[in-house]
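Protein chains: 2
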Amino acid sequence: MDLKQIDQFAKETIFEAGKLIRDTFSYELVVETKSDPNDLVTNIDRETELFFIEKIKSFDPSHKILGEEGMGEKVQNLDGPVWILDPIDGTMNFVKQHRHFMITVGFFVNGIGKLGYIYDVMREDLFYAIEGEGAWYNDTPLRKLKPLKIEEAVIGINATWVTPNKRINHEKMIDLVKTVRGTRSYGSAAMEIAFVVSGKLDAYISMRLSPWDIGGGTIIAKEVGAIATNLNGNDFDFLSQDTFIIANPSIHQLILDRYIEEK
Amino acid sequence: MDLKQIDQFAKETIFEAGKLIRDTFSYELVVETKSDPNDLVTNIDRETELFFIEKIKSFDPSHKILGEEGMGEKVQNLDGPVWILDPIDGTMNFVKQHRHFMITVGFFVNGIGKLGYIYDVMREDLFYAIEGEGAWYNDTPLRKLKPLKIEEAVIGINATWVTPNKRINHEKMIDLVKTVRGTRSYGSAAMEIAFVVSGKLDAYISMRLSPWDIGGGTIIAKEVGAIATNLNGNDFDFLSQDTFIIANPSIHQLILDRYIEEK
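One line per chain: the protein sequences are A and B, in this order. Going by UniProt numbering, 200 is the number at position 200 of the first sequence; the sequence numbering is gapless. Going by UniProt numbering, 16 is the number at position 16 of the second sequence; the sequence numbering is gapless.
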């Protein structure tokens, strides 16, 4: 398997999909259709996933595809080559903000992440990685994350998880929020993961994500030394939904030990 | 007083300041000084404020200047023409993210907002308004905000205010977070205000802001119909720190009545 060739194919397809989204988007904004913006995003989401499926099947029909919109075949296991992708991560940002939404793609072989991509569609910014070769932000290599103290950390976390909820002890999350230097929330898991791998955030925590939200990001994480697991500290379950944390390696275990208590 | 001329002057000065920040920034990143990034931002903050002071005093020495870094004269009242400005709003974003920081400027005459600006330095995006003439996002006029239900709203709020604190009843904030469609937090008040006036967020709430965080934004707010007050529903105190909310007019009073209870 020629990873370089697959990487080339993946980038071209992502850039082309991004352009299609931007074009459709600006057309829809110009004509100001009366249609519900939620329908618009659903349509573009599906069209973009179909676009990926067609491209991938032309490239190599043996590759399986696990996508958010579920338009590929039903993927029962991660045997062989599998693409895990979300055509638009951050759909509410897409609708309301016209920015801060990502295409994110991971290419796995027998469950091992080989190629990972997070593409900021409106900024035309690509975060990506090739297993064992490193990670890049556009043409600039991403560095290994530097250690820091939890008190210096800025973390991505949605306010919901700091309120009483069924999944975790929110009192401990309150301790975390009061301990760190700051919190952020962007409404796109892939964007927050891209920020962690590039040192713009030091951790991102969510109580419920799907494989396509994080598939690409976990592959980039490895190349910069970020640690991505579920909240038990185990590998994320790529065939289901799961809890998720990605963090600078100097604070990953500490956050799990001191601030996460699942119910 | 020729507001058009002052507007022209303000824009030129903001664009020039933005370029100075970007240039200093990329130089510092290239040479990779060992200096503390917090010192770097403090220096650039001060240099930029001095740059504004010199420009304004050359433009008209009778204008007063109230800036975050306090390098202008001590402003005791808002009589006459007063510039209220923050050279870098979102300093932690500046240091860690190299994006999501704003120059924000308001020009007031006898306490009445005349010209307001929020400039995203790295995107080179300007949100601005001229009293009574409208508001713009770069060259595009900003529309009046459309009414929406609280359940459809996406609001900017820092997770801290959802945890027990001295200023407000956080239980009510929890109700708010659970009622709305989503929350965001960007680490720059001016950015969140820019998002509200352009409909990318529907409200932004903070328990403690300074005049320079919001001066420019409140002037833009008026032109699009957004309502900006303190959490008592009164005008923000521009000579002190105060609580703050800016919101779509259809949900401003409802948020104050139902979800805000100051201690």
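Yeah, the Cβ is synthetic: ideal placement off N, Cα and C, and Gly gets one too. None of the values given here were measured: they were computed from a predicted structure.
- Under the 10 Å beta carbon count, residue 1(B) is surrounded by fewer than 16 other beta carbons and is classified as exposed.
- Ranked by Cα distance from residue 204(B), the first of 189(B), 134(B), 198(B) is 189(B).
- As computed with DSSP, residue 206(A) is found in a beta bridge with 244(A).
- Interface residue (Cβ-Cβ distance to chain B less than 8 Å): residue 160(A) is classified as such.
- Rounded to the nearest angstrom, the gap between the Cα atoms of residue 11(A) and residue 24(A) is 20 Å.
- The alpha helix (DSSP H) runs lying completely inside the stretch 83–108 of chain B and spanning 4 residues or more are 91–97, given in chain order.
- When C-beta atoms of the stretch 197–215 of chain A are compared with those of the stretch 236–246 of chain A, three or more pairs fall below 8 Å, so the two segments count as touching.
- Contacts between residue 76(A) and chain B, judged by CB atoms closer than 7 Å, are missing: the closest CB pair is about 33 Å apart.
- Only 199, 200, 201 from the stretch 196–230 of chain A bring a Cβ to less than 8 Å from some Cβ of chain B.
- For residue 154(B), a Cβ of chain A is located within less than 8 Å of the residue's own Cβ.
- Contact between the stretch 147–167 of chain A and the stretch 137–148 of chain B is absent: fewer than 3 CB-CB pairs across the two stretches fall below 8 Å.
- The C-beta separation of residue 105(B) from residue 18(B) comes to about 11 Å, leaving the pair out of contact by the 8 Å criterion.
- Rounded to the nearest angstrom, the gap between the Cα atoms of residue 249(B) and residue 147(B) is 7 Å.
- Bridge partners of residue 262(A) according to DSSP: 168(A).
- For residue 92(B), the C-beta contacts it makes with chain A under 8 Å involve 154, 181, 182, in order along the chain.
- Judged by DSSP in its simplified three-state form, residue 74(A) adopts coil rather than helix or strand.
- Residue 185(A) carries a strand assignment under DSSP once its states are collapsed to helix, strand and coil.
- Close to residue 178(B), with beta-carbon spacing below 7 Å, are these residues of chain A in chain order: 163.
- In the DSSP annotation of this structure, the continuous segment of the beta strand (DSSP E) that includes residue 154(A) starts and ends at 154–157.
- One Cα belongs to residue 233(B), the other to residue 244(B), and the distance between them is close to 9 Å.
- Between the beta-carbon of residue 52(B) and that of residue 9(B) there is about 11 Å, and that puts the pair past the 8 Å contact cut.
- For residue 106(B), not one C-beta of chain A is nearer than 8 Å to its own C-beta.
- For residue 218(A), the enclosing alpha helix (DSSP H) begins and ends at 211–224.
- Residue 127(B): member of the beta strand (DSSP E) spanning 125–130, first to last residue.
- For residue 224(A), the closest C-alpha among the options 246(A), 197(A), 45(A) is that of 197(A).
- Rounded to the nearest angstrom, the gap between the Cα atoms of residue 101(B) and residue 92(B) is 8 Å.
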